[in-house]
Amino acid sequence: MTDPASLTGTLPLPEPAASVTGPRVRIGQIVWGLIVMAIGVGALAVLGSPERRDTVLNWLLHLTPGQGWLVAVLVAGAILLLLGALALVRRLRR
Numbered sequence: 861m862t863d864p865a866s867l868t869g870t871l872p873l874p875e876p877a878a879s880v881t882g883p884r885v886r887i888g889q890i891v892w893g894l895i896v897m898a899i900g901v902g903a904l905a906v907l908g909s910p911e912r913r914d915t916v917l918n919w920l921l922h923l924t925p926g927q928g929w930l931v932a933v934l935v936a937g938a939i940l941l942l943l944g945a946l947a948l949v950r951r952l953r954r
């Protein structure tokens, strides 16, 4: 009997190369997922009980202008630190 592949004129599929790697891990997406999760956990911690919500609201309403600017600068610094860390990870992965 003859080989069925020879009757149809098709060639057998080549074997996959041994150096085939799996999908790349997307570190940026993992980090952003952790950031979103941390924000969600923080929001749940604050909004979880009326006492904590009132405490945070009272603290925010009684900030002096200097304290408000300090909080804004700290938040902006944290965001810039995160963006810098993500850029560093991206550069190291290339």
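Residue 892 in the working numbering sits at position 32 of the sequence shown; the count goes up by one each step and never skips.
Beta carbons are placed, not taken as given, at the ideal position from N, Cα and C, and that holds for glycine.
Since we're looking at a predicted model, the values are computed, not measured.
Taking the alpha-carbon positions, what's the residue 885 to residue 897 distance? As a position in the sequence shown, residue 885 is number 25, starting the count at 1. As a position in the sequence shown, residue 897 is number 37, starting the count at 1. Their backbone Cα atoms lie some 19 Å apart in a straight line.
Are residue 946 and residue 888 closer than 7 Å when you measure CB to CB? For the purposes of this step, residue 946 is identified with residue 86 of the sequence shown, where counting begins at 1. For the purposes of this step, residue 888 is identified with residue 28 of the sequence shown, where counting begins at 1. Taking 7 Å as the Cβ cut-off, residue 946 and residue 888 qualify as a contacting pair.
Tell me the rounded alpha-carbon separation between residue 931 and residue 937. Here residue 931 refers to the residue found at position 71 of the sequence shown. Here residue 937 refers to the residue found at position 77 of the sequence shown. When rounded, the distance between both Cα atoms is 10 Å.
Within the continuous alpha helix (DSSP H) that includes residue 915, where are the two ends? Position 55 of the sequence shown, counting from 1, holds the residue named residue 915. Unbroken alpha helix (DSSP H) run through residue 915: 910 to 921.
Just the Cα atoms here: how many angstroms apart are residue 902 and residue 953? Here residue 902 refers to the residue found at position 42 of the sequence shown. Here residue 953 refers to the residue found at position 93 of the sequence shown. Whole-angstrom Cα-Cα distance: 30 Å.
So, with DSSP's three-state summary, where would you put residue 951? Indexing the sequence shown from 1 puts residue 951 at position 91. Helix.
Separation of residue 908 from residue 922, as counted between CA atoms: Here residue 922 refers to the residue found at position 62 when the sequence shown is read from its first residue. Here residue 908 refers to the residue found at position 48 when the sequence shown is read from its first residue. Cα to Cα, residue 922 sits roughly 22 Å from residue 908.
Once DSSP output is grouped into helix, strand and coil, what is the label at residue 925? In the sequence shown, residue 925 corresponds to position 65, counting from 1. Of the three classes helix, strand and coil, the one that applies to residue 925 here is helix, per DSSP.
Under three-state DSSP, which class holds residue 900? Reading the sequence shown from its first residue, position 40 is the one you call residue 900. Helix.
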